[in-house]
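Number of protein chains: 4
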Amino acid sequence: MKKLTYGMVGGGPGSFIGEAHRRSISIDSQAQLVAGCFSRSIDKCRITGAELGIDEDRCYASYEEMAKAEAARPDGIDFAVIVVPNVSHYPACKAFLEAGINVSCDKPLCFTSEQGEELVRLAKEKNLLFMVTYTYTGHVTAKHIRQYIADGKLGKIRNVMAEYPQGWLAYEGEWGGKQGEWRCDPKQSGGVNCLGDLGTHVENAVAMMTGLKIKRVLAKMDVVVPGRVLDDNDLVMVEYEGGAIGTYWTSQFAIGADNDLAVRIYGDNGSILWKQTESEKVTIITRDGTTIERHRGNGGIEASAAKYGRLPSGHNEGWLESMGNLYRSLIECIRAKKDGTFTPDMIDFPTVEDGLEGVRFVEACVKSNNNGNVWVDM
Amino acid sequence: MKKLTYGMVGGGPGSFIGEAHRRSISIDSQAQLVAGCFSRSIDKCRITGAELGIDEDRCYASYEEMAKAEAARPDGIDFAVIVVPNVSHYPACKAFLEAGINVSCDKPLCFTSEQGEELVRLAKEKNLLFMVTYTYTGHVTAKHIRQYIADGKLGKIRNVMAEYPQGWLAYEGEWGGKQGEWRCDPKQSGGVNCLGDLGTHVENAVAMMTGLKIKRVLAKMDVVVPGRVLDDNDLVMVEYEGGAIGTYWTSQFAIGADNDLAVRIYGDNGSILWKQTESEKVTIITRDGTTIERHRGNGGIEASAAKYGRLPSGHNEGWLESMGNLYRSLIECIRAKKDGTFTPDMIDFPTVEDGLEGVRFVEACVKSNNNGNVWVDM
Amino acid sequence: MKKLTYGMVGGGPGSFIGEAHRRSISIDSQAQLVAGCFSRSIDKCRITGAELGIDEDRCYASYEEMAKAEAARPDGIDFAVIVVPNVSHYPACKAFLEAGINVSCDKPLCFTSEQGEELVRLAKEKNLLFMVTYTYTGHVTAKHIRQYIADGKLGKIRNVMAEYPQGWLAYEGEWGGKQGEWRCDPKQSGGVNCLGDLGTHVENAVAMMTGLKIKRVLAKMDVVVPGRVLDDNDLVMVEYEGGAIGTYWTSQFAIGADNDLAVRIYGDNGSILWKQTESEKVTIITRDGTTIERHRGNGGIEASAAKYGRLPSGHNEGWLESMGNLYRSLIECIRAKKDGTFTPDMIDFPTVEDGLEGVRFVEACVKSNNNGNVWVDM
Amino acid sequence: MKKLTYGMVGGGPGSFIGEAHRRSISIDSQAQLVAGCFSRSIDKCRITGAELGIDEDRCYASYEEMAKAEAARPDGIDFAVIVVPNVSHYPACKAFLEAGINVSCDKPLCFTSEQGEELVRLAKEKNLLFMVTYTYTGHVTAKHIRQYIADGKLGKIRNVMAEYPQGWLAYEGEWGGKQGEWRCDPKQSGGVNCLGDLGTHVENAVAMMTGLKIKRVLAKMDVVVPGRVLDDNDLVMVEYEGGAIGTYWTSQFAIGADNDLAVRIYGDNGSILWKQTESEKVTIITRDGTTIERHRGNGGIEASAAKYGRLPSGHNEGWLESMGNLYRSLIECIRAKKDGTFTPDMIDFPTVEDGLEGVRFVEACVKSNNNGNVWVDM
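Protein chains in written order, with our numbering: chain A, 2 to 379; chain B, 2 to 379; chain C, 2 to 379; chain D, 2 to 379.
Written as structure tokens, this is what we have:
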């Protein structure tokens, strides 16, 4: 089958996330990088392009130029991957949508719900696919949980305890390198740091697994490490439509925590425990208290999730595979669009609508915090 | 060394907690049960007394009678153990204090801070020892954490995440037996269920380990399982004096959770993770992210904690030993009082003042919840 | 119910195991220590006796004297607890059996199978109860495994992997204190160190759980830490009657290992994993690969095992409770003998026959090792 | 940098291992598949080739043809990847070596040490690079252990306990699909099943981590599941040069085990515990018993290992990345050979000599087992 082609905005030298996207896409060899605007400087962009084997004429000085030029080519890219700092997500996504090119954008989608709504509208209007790369929802075990709950096996959900602590920004006077610097800078990160980076992952993971819609939030956003100006620890009380409750915690100074996203879901028919750092397994407790550990790749994993596995159980799949699963679905959908076989239920990745939910969640939390930790409707 | 003597109020047939106290005290063979008011019926009381080898004339129809009679005997009990439902804690404790007898009372201490303050006052006035049996603080590893933090090894504490989920009351239409019934009954439990039972354990464990004082709380107390009238899931945001923050979660419908008290403490010099279900170990992460697991009984455990160990490392000590450690200190203190060698720094158990803190914590949470989840000063 | 009475041989100052037995018996308050020969010196014996509240006339200079004197008293002890170094197990047990007194002896039972056979014969002849305190088989979860397998749920057993590593004797020039000294001394330990101390635990734990009989062994007993003269690391290949195979590993220089007895049993219908350091749980994998974790105290634990629990699940029981479970059964049997209601199927503790099996196992291993690691029939 | 090119022998439809190699190589985008003999049928080969984007004229009917043709091309492949059943490893490798093409071959290298020695000789004579893909040694944590031990931090190694149980062939009458069928077939697998497949992984992992050389072995190779004719459970006692001892266990009927390769190494200065199913961490116990858990990506990982990490700690890397690390080094070495900058110390992958050691290990074990479980020198 012919490979699709894609272009990247961002992902120049020293970029963790750009390289990670490229590696994830490579695993399945279904799409090839052919264009890019890797840096703001055209010279740097061309150096990266050369390293990646990109033709010089498809190395662009700006994403606007790239969007227009690729749209004009008969062999233009099938999708654009946006992996720049948060501040540029919105204009970059907009440029590609307007040019009629499918988009994959890193999370969080953008800064304001107005921006997000416009992107939702544009994608719909142009009939384009738009993925927001909430990586963790790509895990086979996360998909298993979604199916298990959708099938009613957990019963009515009562409470969700979810968290994402990290420790890399725990040190006074240290800024966590280039990435930490822009995250802690109000101008580049949109006035929200920890909640935007980690809280949106929590929000999305819970939404994806449970299908619950948030009704209102009460948030406490703390600035703890001396010298910081943006939140580095957040606690959000959540009430969902239908009566369930939840709590989301994120932190950047939890020394010893790596990327410890964890979700615990309590239903009236049992419980589910999941940690992304041990994403090869999921713990399910049935109504009678029996604790069952399911491994990715073993029987017992729901078919809609198991189909994403690439290796036998016990041969760990990790972050790259999880991200790769998102791209697998995006690429299948793009192919289907080309073939005329696409139907919306084929989408098995976080969409622009999911991205907008994340932005709305952050906005509501900020409002709650600014008003003294009061309840704010979504 | 001559054994001390004690009497028990409560602990009749079917009582889990009374028997557990007796077993815990037995481990060290330093005190002997010689009197009791085990049931409200004198006949039942005498049956239990006979089974436990208590002389019939020291089986009492009421705690008031018991307190007076034992105080009058030349060989009266050295201390009274109060293990009745919460509603009777206050009057029973008061009776023994007024009679001049040392008291060990199960937690929570009582219903109102007025009651608690009176018990504090009485204990001081009568110069008596008063232990509140927050069992989990007796663990060697809990004591290790306290010393580690007191010595400044964790640096300044920034955040505390603590929780105590259980699953035994998850089932609609089921009441968890006799014990669940009185806990879910406003009259017997003081109008608070989960937070009084489990939240006070969390509050005490954190206070004991960290030494932090709560400044204010914002609490959400939910009644979730259909048919309940009292809280069965509680989430409390905490601010401590000095600027640290915390979150306490308790639940009774977390299917699969047994007695999963867990405390995570994040300082600017490292982190501590502790679970009472794995109380033989404590995880300490140092500033540079090195994760160290310490086992009770290995070198590296602080001397003030290690001295409570009874068995080599790897030969697990459990709940009974933890409770036994509280009684070990109480008994040492009573002996020292008799010898005239007592000094207050010998006390290594939760006191009536600690019990009062628990009552105040519950009161502040209830007020916060009743007023719509607002901040309430302690 | 009237308490039984017991006497102790050994358990003087600094004895870990004597005190541990006393604590374990205390938990249930069903038997009282009333006599003892705690040390070889009558003066030291009396000092310990006084501390333990034993009448001076029941503090004895030798176990022979004690056995005779107690047998002659109308209120003589119901059972004797033998907790001396291995070399004295045989003569001490013999003395009490000959005096008509029930015996509880620490493991290993004795040095030679001839001695063991004599003790078996004597116990039978005198119609006495004889317990050998393989502590770990007292755990509720160990009893659960036994029942699960006996009921055929694991299918036909194919392979057993069992081990007991420790680390306390890892250090050249250090001897692990008084206890290590006698264990490493051929005269006091019977010419076998690690295999006698730990290998017998492994042998007994597997035999108890699986019911398998060893047909033959091939053993490699190594002396590794410089300066040692007895084995400190042992590897035994095992073949059982009926075709199953097994491997037992023990070591005393596995730094970081506490008392890490672990048993893994593989049947044709599933697997069982058990660690005594996490004895509150047992992992059962069913035929289809589903991994189930059972907690002591939860439903799903076999009734014949669950009845030994003293605390709700999640309130850990440990080593003392496990040992206490052995004594619970011994005491029930002695009471039943007194009542005339005893039947052999009431015995739920390791017997003198089990102890003899351990001695035979050690003898076969030594023979195998001495002959160059060859197969030796049991 | 220009991509290298490679060809593949094997890896047709339904091949797990061929696709896994391709994915692993893709992650770093440093080499491109351009030729192949994917199946024995040229038609099937071309179908796979087309799917993978290979030119039809580089789809070959046999590996002999492929070796010759590629050697003759000016743009011939830089290396060949051999992923056929074991029986064809030797002739296929030989063909490419003779044609002057670098080789990457799946393990075990071949059936006899004579074959292995010839491959070693050929590689040397032709001055070619030859990698044997023992995947697990590619893990960052495995490399960390190697450096830690090489630097003397563990002291003198005393004992190694290593194992690799699986459960997929536990079922009587079931053969584990196509892969299980050839493994259980003496003709295709070389007369050894479990030990050849899993035992060689254990042997290599221990050799790589510790640097120890095996002096002699005593092996017990059992055929357990009814209907099997080759070993499905193996226990090997090992003695190393220099005095250390070890035990290797492998099994294919350990229900619940996925790919549970685990290595425990005991030195006189501490211990190391490692599991490939939790390969993101390694547990190190220092001489004083302190248990330290190191995470890939955290500080504290040796630089020679850490450099292979692609993602921040907590974003799991798995099997593909581990295999990818082997290829990363192979590709660097090939590039250096082309540049004339190659030195042998650049090799950081298992070599043909390591593969030969595996074959010798299997031969010695088979001899030991055939002669009644006796010691056999390597």
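Backbone N, C-alpha and C define an ideal beta-carbon position, used for all residues, glycine too. Keep in mind it's a predicted model, so treat the numbers as computed, not measured.
C-alpha distance - residue i paired with residue j, whole-angstrom precision
i                      : j                      : result
residue 389 of chain C : residue 254 of chain D : Absent from the model: residue 389 of chain C. The displayed extent of chain C is 2 to 379, so no value can be given.
residue 286 of chain C : residue 274 of chain C : 8 Å
residue 338 of chain D : residue 247 of chain D : 38 Å
residue 177 of chain C : residue 85 of chain C  : 17 Å
residue 153 of chain D : residue 147 of chain D : 10 Å
residue 96 of chain A  : residue 30 of chain A  : 27 Å
residue 360 of chain D : residue 87 of chain D  : 12 Å
residue 67 of chain C  : residue 294 of chain C : 48 Å
residue 218 of chain C : residue 204 of chain A : 58 Å
residue 126 of chain B : residue 212 of chain B : 26 Å
residue 200 of chain A : residue 6 of chain B   : 56 Å
residue 301 of chain A : residue 291 of chain C : 8 Å
residue 186 of chain A : residue 111 of chain A : 16 Å
Sheet register partners of residue i (DSSP bridge)
i                      : result
residue 274 of chain C : C:265, C:284
residue 221 of chain B : B:236
residue 34 of chain B  : B:7
residue 132 of chain D : D:105, D:352
residue 294 of chain A : A:284, C:292
residue 378 of chain A : A:217
residue 81 of chain A  : A:8, A:104
residue 87 of chain D  : Answer by DSSP bridge pairing: none, since residue 87 of chain D is not bridged.
Neighbour list for residue i in chain A, Cβ cutoff strictly below 9 Å
i                      : result
residue 21 of chain D  : 311, 312, 316
residue 254 of chain D : Per Cβ cutoff of 9 Å: no residues; residue 254 of chain D is ~15 Å from chain A at best.
residue 293 of chain C : 291, 292, 293, 294
residue 135 of chain B : What residue 135 of chain B touches in chain A: nothing, since even the nearest Cβ is about 24 Å away.
residue 372 of chain B : In chain order: nothing, as chain A lies at least about 12 Å away.
Check whether residue i and residue j have beta carbons under 9 Å apart
i                      : j                      : result
residue 210 of chain A : residue 366 of chain A : no
residue 132 of chain B : residue 363 of chain B : no
residue 90 of chain C  : residue 260 of chain B : no
residue 171 of chain A : residue 269 of chain B : yes
residue 168 of chain B : residue 263 of chain B : no
residue 26 of chain B  : residue 328 of chain B : yes
residue 156 of chain C : residue 271 of chain C : yes
residue 11 of chain C  : residue 78 of chain C  : no
residue 370 of chain D : residue 232 of chain D : yes
residue 323 of chain C : residue 149 of chain C : no
Within chain C, partners of residue i - CB distance below 7 Å
i                      : result
residue 251 of chain B : The premise fails here: residue 251 of chain B is roughly 14 Å from chain C at the closest Cβ pair, so nothing lies under 7 Å.
residue 236 of chain D : 238, 248
Where residue i meets chain D, residues with beta-carbon distance less than 8 Å
i                      : result
residue 241 of chain C : The contacting residues do not exist; residue 241 of chain C stays about 12 Å from chain D at best.
Residues that residue i contacts on chain A, provided the C-beta gap is smaller than 8 Å
i                      : result
residue 289 of chain C : 300, 301
Contact set between residue i and chain C, taken where Cβ atoms lie within less than 9 Å
i                     : result
residue 66 of chain A : Those do not exist, as residue 66 of chain A stays about 54 Å from chain C at its closest Cβ, beyond 9 Å.
Neighbouring residues, chain B, relative to residue i (Cβ below 8 Å)
i                     : result
residue 28 of chain C : 24, 27, 28, 321
Partner residues on chain D for residue i, Cβ-Cβ distance less than 7 Å
i                      : result
residue 278 of chain A : 315, 317
Residue i: CB within 8 Å of a non-hydrogen atom of the ligand FAD
i                     : result
residue 51 of chain C : Ligands in the displayed structure: none, and consequently the ligand FAD is not present.
Interface partners of residue i on chain B, CB under 9 Å
i                     : result
residue 99 of chain A : Correct list: empty, because the minimum Cβ distance to chain B is about 44 Å.
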